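Report on the following structure.
There are 2 protein chains.
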Amino acid sequence: MYKINGSIWIEGERGAFIGSGRVVLLENIKKSGSISEAAKSMKMSYRQAWELIDSMNKQSQKPLVEKTSGGAGGGGTIVTKEGERVIKLFKELQNNFRKFNETQSKKLTF
Amino acid sequence: MYKINGSIWIEGERGAFIGSGRVVLLENIKKSGSISEAAKSMKMSYRQAWELIDSMNKQSQKPLVEKTSGGAGGGGTIVTKEGERVIKLFKELQNNFRKFNETQSKKLTF
Numbered sequence: 570m571y572k573i574n575g576s577i578w579i580e581g582e583r584g585a586f587i588g589s590g591r592v593v594l595l596e597n598i599k600k601s602g603s604i605s606e607a608a609k610s611m612k613m614s615y616r617q618a619w620e621l622i623d624s625m626n627k628q629s630q631k632p633l634v635e636k637t638s639g640g641a642g643g644g645g646t647i648v649t650k651e652g653e654r655v656i657k658l659f660k661e662l663q664n665n666f667r668k669f670n671e672t673q674s675k676k677l678t679f
Numbered sequence: 570m571y572k573i574n575g576s577i578w579i580e581g582e583r584g585a586f587i588g589s590g591r592v593v594l595l596e597n598i599k600k601s602g603s604i605s606e607a608a609k610s611m612k613m614s615y616r617q618a619w620e621l622i623d624s625m626n627k628q629s630q631k632p633l634v635e636k637t638s639g640g641a642g643g644g645g646t647i648v649t650k651e652g653e654r655v656i657k658l659f660k661e662l663q664n665n666f667r668k669f670n671e672t673q674s675k676k677l678t679f
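Sequences listed follow chains D and W, in order. Per our numbering, the very first residue in the first sequence carries number 570; after that it's consecutive. Per our numbering, the very first residue in the second sequence carries number 570; after that it's consecutive.
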């Protein structure tokens, strides 16, 4: 029994913009409010995580992730409304891709 | 301007069956009639090429590639009818995937 699988991502003029790893990073930042916590949970260095965030923020008209300073917790990192929108959009895309793969898999005749 | 890009492949129960690299290998074997020529043109070792062919042949009910022996040329390697069918099927899949990506790219609102 064969099935179709694949990987999908969004590119800008400067290369990769959003892919599944970057979306997981955004979700982990949202959960933890911290880049270093998010990086740790993905076995990634802080620097790697920061570079991915920087790449996304620079390619987007509005930032997807922002540092907050001060307040009771002494500041942290948040996913902006634009970031939330990008997460949602990418998940819809992944869902459509899954459906595409299922439909195409039915056409396989070997 | 953003666009969607991706990669797609066909999996069997034992993992990867057909992907774009494997299809290029089949096409190169068809062109040259030789595994070693095909491998060389892809900067791949003979062993790597042979392992890919072996993996495809073992996962398919009918072999995709066969060695021929004797004849004027002293034998060589051919892509079978089933191999031709798989090449065609995968190219159609890639074409549908390209269309899917174009349609989905139009939905991007950032």
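We put the beta carbon where it would ideally sit given N, CA and C, even for glycine. Everything numeric in this text was worked out from a predicted model, so none of it was measured.
Cross-chain neighbours of residue i in chain W, by beta carbon under 7 Å
i: D/LYS572; result: GLU580
i: D/SER576; result: GLY575 and SER576
C-beta contact flag for residue i and residue j at 9 Å
i: W/LYS572; j: W/LEU677; result: yes
i: W/GLN628; j: W/ARG583; result: yes
i: W/ILE577; j: W/ILE598; result: no
i: D/PHE666; j: W/GLN663; result: no
i: D/ILE647; j: D/GLY602; result: yes
i: W/ILE687; j: W/GLU596; result: The structure shown does not extend to residue 687 of chain W, since chain W is modelled only from 570 through 679, so no value can be given for it.
i: W/GLU651; j: W/LYS631; result: yes
i: W/MET625; j: W/ARG591; result: yes
i: W/PHE659; j: W/SER589; result: yes
Range covered by the alpha helix (DSSP H) that runs through residue i
i: D/GLY645; result: Here D/GLY645 belongs to no alpha helix (DSSP H); instead the beta strand (DSSP E) covers 645-648.
i: D/SER605; result: 604-610
i: W/MET625; result: 615-628
Cross-chain neighbours of residue i in chain W, by beta carbon under 9 Å
i: D/ASN664; result: Going along chain W, no residue has its Cβ under 9 Å from D/ASN664, so there is no contact; the nearest lies around 11 Å.
Where residue i meets chain D, residues with beta-carbon distance less than 8 Å
i: W/SER638; result: The premise fails here: W/SER638 is roughly 26 Å from chain D at the closest Cβ pair, so nothing lies under 8 Å.
i: W/VAL551; result: Residue numbering for chain W in the displayed model covers 570 to 679; residue 551 of chain W lies beyond these limits and cannot be assessed.
Residue i - partner residues in DSSP beta bridges
i: W/ASN574; result: D/TRP578
i: W/ILE587; result: W/ILE579
Proximal residues of chain W, C-beta to C-beta of residue i below 8 Å
i: D/GLN630; result: PHE679
Contacts of residue i in chain D (Cβ-Cβ under 7 Å)
i: W/GLN673; result: LEU662 and ASN665
Bounding residues of the beta strand (DSSP E) (the contiguous stretch that carries residue i)
i: D/LYS636; result: 634-637
Interface flag, residue i vs chain A, CB-CB below 9 Å
i: W/GLU620; result: Looking for chain A here will not work: the only protein chains present are D and W.
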